[in-house]
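Q: My questions all concern the structure below.
Number of protein chains: 2
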Amino acid sequence: MSEKTGRAPTQRDVAAAAGVSTATVSYILSGRRDRVTPVTPETRDRVLRAVEQLGYRLDHSARSLRRRRTELVCVVYRMPDSPWVERLAEQVQAIGARSGYSMIALPLPSSPPAGPEQVPQPSALRVLRERYVDGAIVANGTLIEPDELRRLAAGGLSLVVFHDALPPAGFDVVDLAQRAALTDLVAHLLDRGHTRIGYLAHDVELAAPDDEVQSLKYRTVAAALAAAGAPLDPRLVVPGADVRERAYVETQRLLRNERPPTALISSSDRGAIDAIWAARDLGASVPGDLAIAGIGNGTEGSAIRPALTTVGLPRLDFTVPVTRLFERITAPDELPGDRIPQPWQLIVREST
Amino acid sequence: MSEKTGRAPTQRDVAAAAGVSTATVSYILSGRRDRVTPVTPETRDRVLRAVEQLGYRLDHSARSLRRRRTELVCVVYRMPDSPWVERLAEQVQAIGARSGYSMIALPLPSSPPAGPEQVPQPSALRVLRERYVDGAIVANGTLIEPDELRRLAAGGLSLVVFHDALPPAGFDVVDLAQRAALTDLVAHLLDRGHTRIGYLAHDVELAAPDDEVQSLKYRTVAAALAAAGAPLDPRLVVPGADVRERAYVETQRLLRNERPPTALISSSDRGAIDAIWAARDLGASVPGDLAIAGIGNGTEGSAIRPALTTVGLPRLDFTVPVTRLFERITAPDELPGDRIPQPWQLIVREST
DNA sequence: GTGAAAGCGCTAACAC
DNA sequence: GTGTTAGCGCTTTCAC
Numbered sequence: 001m002s003e004k005t006g007r008a009p010t011q012r013d014v015a016a017a018a019g020v021s022t023a024t025v026s027y028i029l030s031g032r033r034d035r036v037t038p039v040t041p042e043t044r045d046r047v048l049r050a051v052e053q054l055g056y057r058l059d060h061s062a063r064s065l066r067r068r069r070t071e072l073v074c075v076v077y078r079m080p081d082s083p084w085v086e087r088l089a090e091q092v093q094a095i096g097a098r099s100g101y102s103m104i105a106l107p108l109p110s111s112p113p114a115g116p117e118q119v120p121q122p123s124a125l126r127v128l129r130e131r132y133v134d135g136a137i138v139a140n141g142t143l144i145e146p147d148e149l150r151r152l153a154a155g156g157l158s159l160v161v162f163h164d165a166l167p168p169a170g171f172d173v174v175d176l177a178q179r180a181a182l183t184d185l186v187a188h189l190l191d192r193g194h195t196r197i198g199y200l201a202h203d204v205e206l207a208a209p210d211d212e213v214q215s216l217k218y219r220t221v222a223a224a225l226a227a228a229g230a231p232l233d234p235r236l237v238v239p240g241a242d243v244r245e246r247a248y249v250e251t252q253r254l255l256r257n258e259r260p261p262t263a264l265i266s267s268s269d270r271g272a273i274d275a276i277w278a279a280r281d282l283g284a285s286v287p288g289d290l291a292i293a294g295i296g297n298g299t300e301g302s303a304i305r306p307a308l309t310t311v312g313l314p315r316l317d318f319t320v321p322v323t324r325l326f327e328r329i330t331a332p333d334e335l336p337g338d339r340i341p342q343p344w345q346l347i348v349r350e351s352t
Numbered sequence: 001m002s003e004k005t006g007r008a009p010t011q012r013d014v015a016a017a018a019g020v021s022t023a024t025v026s027y028i029l030s031g032r033r034d035r036v037t038p039v040t041p042e043t044r045d046r047v048l049r050a051v052e053q054l055g056y057r058l059d060h061s062a063r064s065l066r067r068r069r070t071e072l073v074c075v076v077y078r079m080p081d082s083p084w085v086e087r088l089a090e091q092v093q094a095i096g097a098r099s100g101y102s103m104i105a106l107p108l109p110s111s112p113p114a115g116p117e118q119v120p121q122p123s124a125l126r127v128l129r130e131r132y133v134d135g136a137i138v139a140n141g142t143l144i145e146p147d148e149l150r151r152l153a154a155g156g157l158s159l160v161v162f163h164d165a166l167p168p169a170g171f172d173v174v175d176l177a178q179r180a181a182l183t184d185l186v187a188h189l190l191d192r193g194h195t196r197i198g199y200l201a202h203d204v205e206l207a208a209p210d211d212e213v214q215s216l217k218y219r220t221v222a223a224a225l226a227a228a229g230a231p232l233d234p235r236l237v238v239p240g241a242d243v244r245e246r247a248y249v250e251t252q253r254l255l256r257n258e259r260p261p262t263a264l265i266s267s268s269d270r271g272a273i274d275a276i277w278a279a280r281d282l283g284a285s286v287p288g289d290l291a292i293a294g295i296g297n298g299t300e301g302s303a304i305r306p307a308l309t310t311v312g313l314p315r316l317d318f319t320v321p322v323t324r325l326f327e328r329i330t331a332p333d334e335l336p337g338d339r340i341p342q343p344w345q346l347i348v349r350e351s352t
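Going down the list, the protein sequences come from chains G and C.
Everything in the first sequence is counted per full-length UniProt numbering, starting at 1 for the first residue and increasing by one.
Everything in the second sequence is counted per full-length UniProt numbering, starting at 1 for the first residue and increasing by one.
As structure tokens, then:
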């Protein structure tokens, strides 16, 4: 464990200390793939003792270079992580461990640079581009440009991407079918007799309402309402779903309108919960005076009173996409690219 | 960008396509350190065109092996990330980018295996042990055993560890001085005249109340109260700070006691916020009937009403420790290991 | 201004 | 059961 020289010990040093060849050290440390008789326990002990004594640690770069794989996968997500991303990461870690893979995370900055050029830090993408990892799960496919995804896949990176509207192209796409679920939510509110429906938006949705990916939720809700003959009243659309205090304030402003909404859809579950607070503090009952629905099915929604109606993933079981990632990694030749359905659903609880 | 063969193109392929040597390709792609005349624009163009056309991507493993550094740093944290860890990660990313470093995250599973053996997934620690990264910031030093930290540092990994009670040993320790801040909090409540003070605990704190690191908060609060002659009443200590709904239920149970507490300290800000809900739903005013304080200074605390009294980092500026990490990485020889003070503070707001 | 060549630490044929 | 050896893809010294 002690080391006086400046250089870290290598297998060569271990071999010298144990009086064996580097090949033997490698066999003992990594096992050998061919069906050859094992080393004698004595040799093994001697080598392991030398490893211990020198404080030898394997050099990952050298191993990957030789093995032509890194035995590392990566989960890419947008910075404030959500509970479902955590479950996903846990499952990647657990399933990967079975085949000797470790998992790292690549959190990309939360604020996309304004404008159409929502290119994340190139220094972060290096990890995907320069073969740091064998595969990646992109939890939020809108974080990386479609072209870049295609190039990464073409470059040999195994890729599974969560995205609502992206054709597979050398990678698999987990299709969340968010649009269908959001349309169901709107239908549910209309069924309940609501006609004045408000929308608590994320700031980006209002900044770029025409952006197909950034404003997917907003656009889908608006389109569903319009299709039902009850188009969204612009005065009932407010920002603030990003930040708790703003959601609170904006909801109260909405309720003080001369013609307040009778139902409110929040672009986030958090915003919806703050809206519930805001309504209650103003003496309005939920859902009596104001029905409130969130989007995302976070964990908080089922814990509060009234429990939050929302749309999102009903179960956080990602066995299929995660297993698929490792199939891709171990597949001898290129897999084409499938669509893996994992649909969002309408989850009706007490708040509507 | 197209590639028909099974093998990914290498610099050798690029060199062949451009009619130059691999050395030239390398110069163009990485710059060269010595003060030598630059390549001609024509050569440069030809090489870059070949790169583009072949879809060449650098191989990180080969580069690291040769350069003897990975140009990668890592932020280690406990899985449900907190806002301050996100700020830390952002700052690591930003400061690292200046010297060509990329950042990855290493989220360790949230539930430590019961018992003293709180060893995280060995497959996760591989990333630190096997030279995947040049340096790491451990946001929660209790996640990794002190011995392991020392071994990692001794093995050449640059390390900066956030920890409340750990001597530097080949790595720097960011000292949060949590104990002092928690003692201040207790003093603050006693000043306000409270004598029956409850504690909403994380489950681990009650499972292993003697564990110096797992139960630091609980032990410190208990010790401070005892020292003030107002020892914690065991009947006022309840679990539930981990999960929102449980925090809610346990707080209400506490308030229905025959002798309910007049103040409550929650081991987490989230638990404290749920406790505020719970108290209000029972008709109790906060802080009138029940003073409530959190621990951690999360972002939610300042957004709710009443704003939450808490202890934690007053500003999320990690320039000093992050800069220090990169100093360590670039330092020609071993730095000893310093203590970097970044003290928690008592933040008194409306809830107490 | 460009090229030849050595070698980073490891693995896996193959030889004995 | 263990050793020899040829690279993996890249960078860098040195030569021209």
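For every residue, glycine included, the Cβ atom is placed at its ideal position computed from N, Cα and C.
Look up Arg78(C) in the DSSP assignment and say whether it is helix, strand or coil.
A: Indexing the second sequence from 1 puts residue 78(C) at position 78. DSSP places Arg78(C) in the strand class (E or B) of the three-state scheme.
Q: Below 8 Å on C-beta distance, what does Asp59(C) contact in chain G?
A: On the second sequence, residue 59(C) is found 59 positions in, with the first residue counted as 1. The contacting residues are Leu65, Glu130 and Arg131.
Q: In terms of residue numbering, what span does the alpha helix (DSSP H) encompassing Tyr199(C) cover?
A: As a position in the second sequence, residue 199(C) is number 199, starting the count at 1. Unbroken run through Tyr199(C) is the beta strand (DSSP E), Ile197 to Ala201; no alpha helix (DSSP H).
Q: Using the Cβ count rule (16 or more neighbours within 10 Å means buried), how would you classify Ala224(C)?
A: On the second sequence, residue 224(C) is found 224 positions in, with the first residue counted as 1. Under this definition Ala224(C) is a buried residue.
Q: By the DSSP assignment, the alpha helix (DSSP H) with Ile28(C) in it spans what residues?
A: For the purposes of this step, residue 28(C) is taken as the residue at position 28 of the second sequence. Secondary structure note for Ile28(C): its alpha helix (DSSP H) is the uninterrupted segment Thr22 to Ser30.
Q: List the residues of chain C that residue 354(G) touches, going by C-beta distances under 8 Å, in chain order.
A: The first residue shown for chain G is 1 and the last is 352, placing residue 354(G) beyond what the model contains.
Q: DSSP has Ile95(C) in a bridge; who is on the other side?
A: Locating residue 95(C) in the second sequence gives position 95, counting from the first residue. DSSP lists no partner for Ile95(C).
Q: Beta-carbon of Thr70(G) versus every beta-carbon of chain C: anything under 8 Å?
A: Walking along the first sequence from the start, residue 70(G) turns up at place 70. Thr70(G) counts as touching chain C.
Q: Using 10 angstroms around the beta-carbon of Pro113(G), count the other beta-carbons present and answer buried if the total reaches 16, otherwise exposed.
A: Within the first sequence, numbered from 1, the residue matching residue 113(G) stands at position 113. Because the pLDDT at Pro113(G) is just 44, under 50, the model does not fix this residue reliably, and the value given afterwards should be weighed accordingly. So Pro113(G) ends up on the exposed side.
Q: Contact between the stretch 76–90 of chain C and the stretch 48–64 of chain C is defined here as three or more beta-carbon pairs at a separation below 8 Å; is this criterion met?
A: no
Q: Give a yes or no on whether the minimum CB-CB distance between Pro146(G) and chain C is below 8 Å.
A: Mapped onto the first sequence, residue 146(G) falls at position 146. Not closer than 8 Å to any Cβ of chain C, the Cβ of Pro146(G) fails to qualify, so no.
Q: Quick one, which residues of the stretch 234–258 of chain C are near chain G if we go by CB-CB under 8 Å, in chain order?
A: Only those residues of the stretch 234–258 of chain C whose C-beta falls short of 8 Å from the nearest C-beta of chain G are listed: Val243, Arg244, Glu245 and Tyr248.
Q: DSSP state of Val160(G), grouped into three classes?
A: Position 160 of the first sequence, counted from the start, is the residue given in the question as residue 160(G). Strand.
Q: Between Met1(C) and the rest of its own chain, which residues show a CB-CB distance below 6 Å, the 5 nearest in sequence each way excluded?
A: What you label residue 1(C) is simply residue 1 of the second sequence in a count that begins at 1. Note that Met1(C) scores a pLDDT of 42, beneath 50, so its modelled location is shaky and nothing firm can be said.
Q: Keeping to the same chain, check which residues put their C-beta closer than 8 Å to that of Gly19(C); ignore five residues upstream and five downstream.
A: Here residue 19(C) is taken as the residue at index 19 of the second sequence, counted from 1. Around Gly19(C): Arg46.
Q: In the stretch 194–214 of chain C, which residues sit with their C-beta less than 9 Å from some C-beta in chain G, listed in chain order?
A: none
Q: For Ser102(C), return the contacting residues in chain G, with the cut-off set at a CB-CB distance below 7 Å.
A: Your numbering for residue 102(C) matches position 102 in the second sequence. The contacting residues are Ser123, Ala124, Arg126 and Val127.
Q: Drop a sphere of 10 angstroms on the beta-carbon of Ala279(C), count the other beta-carbons inside from all chains shown, and report buried for 16 or more, exposed for fewer.
A: For the purposes of this step, residue 279(C) is taken as residue 279 along the second sequence, with counting starting at 1. Buried: at least 16 other Cβ atoms inside 10 Å.
Q: Can you tell me whether Glu117(G) is buried or exposed? The criterion is at least 16 other CB atoms within 10 Å of its CB, across all chains shown.
A: If you number the first sequence from 1, residue 117(G) lands on position 117. At Glu117(G), the pLDDT of 43 sits below 50, so the modelled position is not reliable; the number obtained from the coordinates is stated separately. With fewer than 16 other Cβ atoms from the protein chains shown falling within 10 Å of its own Cβ, Glu117(G) counts as exposed.
Q: Pick out the complete alpha helix (DSSP H) segments inside the stretch 47–71 of chain C, 4 residues or longer, and give them in chain order.
A: 60–67
Q: Please report how far the alpha carbon of Val186(G) lies from the alpha carbon of Val286(G), in whole angstroms.
A: Locating residue 186(G) in the first sequence gives position 186, where the first residue counts as 1. Locating residue 286(G) in the first sequence gives position 286, where the first residue counts as 1. Roughly 17 Å between the two C-alpha positions.
Q: Give me the Cα-Cα distance between Arg12(C) and Ser99(C), rounded to the nearest whole angstrom.
A: Your numbering for residue 12(C) matches position 12 in the second sequence. Your numbering for residue 99(C) matches position 99 in the second sequence. The straight-line gap from Cα to Cα measures roughly 27 Å.
Q: Can you pull the chain G neighbours of Glu86(C), defined as C-beta to C-beta under 7 Å?
A: Position 86 of the second sequence, counted from the first residue, corresponds to residue 86(C). In chain order: Met79 and Pro80.
Q: Starting from Gly271(C) and walking both ways along the alpha helix (DSSP H), at which residues does that stretch end?
A: For this step, residue 271(C) is matched to residue 271 along the second sequence. Start and end: Asp269 to Asp281.
Q: Express the C-alpha separation of Arg219(G) and Thr22(C) in angstroms, rounding to a whole number.
A: Here residue 22(C) is taken as the residue at index 22 of the second sequence, counted from 1. Here residue 219(G) is taken as the residue at index 219 of the first sequence, counted from 1. The straight-line gap from Cα to Cα measures roughly 51 Å.
Q: Run through chain G and tell me which residues come within less than 7 Å of Pro107(C), C-beta to C-beta.
A: For the purposes of this step, residue 107(C) is taken as residue 107 along the second sequence, with counting starting at 1. Per Cβ cutoff of 7 Å: Ala89 and Ala105.
Q: Can you name the residues of chain C whose CB is closer than 7 Å to the CB of Gly312(G)?
A: Mapped onto the first sequence, residue 312(G) falls at position 312. Per Cβ cutoff of 7 Å: no residues; Gly312(G) is ~17 Å from chain C at best.
Q: Run the CB neighbour count on Val221(C), radius 10 Å, all protein chains shown included, and call it buried at 16 or more, exposed below.
A: For the purposes of this step, residue 221(C) is taken as the residue at position 221 of the second sequence. Buried, since its Cβ has 16 or more Cβ neighbours within 10 Å.
Q: Report buried or exposed for Asp242(G), applying the criterion of at least 16 other Cβ atoms within 10 angstroms of its Cβ.
A: Counting from 1 along the first sequence, the entry for residue 242(G) is found at position 242. The residue is buried, with at least 16 neighbouring Cβ atoms inside 10 Å.
Q: At a Cβ threshold of 8 Å, is Ala50(C) touching chain G?
A: As a working note, residue 50(C) is residue 50 in the second sequence. No, Ala50(C) lies away from the interface with chain G (no Cβ there is under 8 Å from its Cβ).
Q: What residues are listed by DSSP as bridge partners for Thr310(C)?
A: Reading the second sequence from its first residue, position 310 is the one you call residue 310(C). DSSP output for Thr310(C) lists Ile347(C) as bridge partner(s).
Q: Helix, strand or coil: which one does DSSP assign to Pro112(C)?
A: The residue labelled residue 112(C) in the question sits at position 112 within the second sequence. For Pro112(C), the pLDDT reaches just 49, beneath the cut-off of 50, and the residue's location in the model is therefore unreliable, leaving the point undetermined.
Q: Quick check on Ala136(C): does DSSP put it in helix, strand or coil?
A: Counted from its first residue, the second sequence places residue 136(C) at position 136. If DSSP states are grouped into helix, strand and coil, Ala136(C) belongs with the strands.
Q: Quick one: any contact between the stretch 130–149 of chain G and the stretch 290–307 of chain G, if contact means 3 or more CB pairs under 8 Å?
A: no
Q: 8 Å is my cut-off, CB to CB: does Gly55(C) come that close to chain G?
A: In the second sequence, counting from the first residue as 1, residue 55(C) sits at position 55. Yes, Gly55(C) lies at the interface with chain G (some Cβ there is under 8 Å from its Cβ).
Q: Give me the chain G residues within the contact set of Gln11(C), using Cβ-Cβ distance strictly less than 8 Å, ordered along the chain.
A: The residue you call residue 11(C) lines up with position 11 of the second sequence. Correct list: empty, because the minimum Cβ distance to chain G is about 13 Å.
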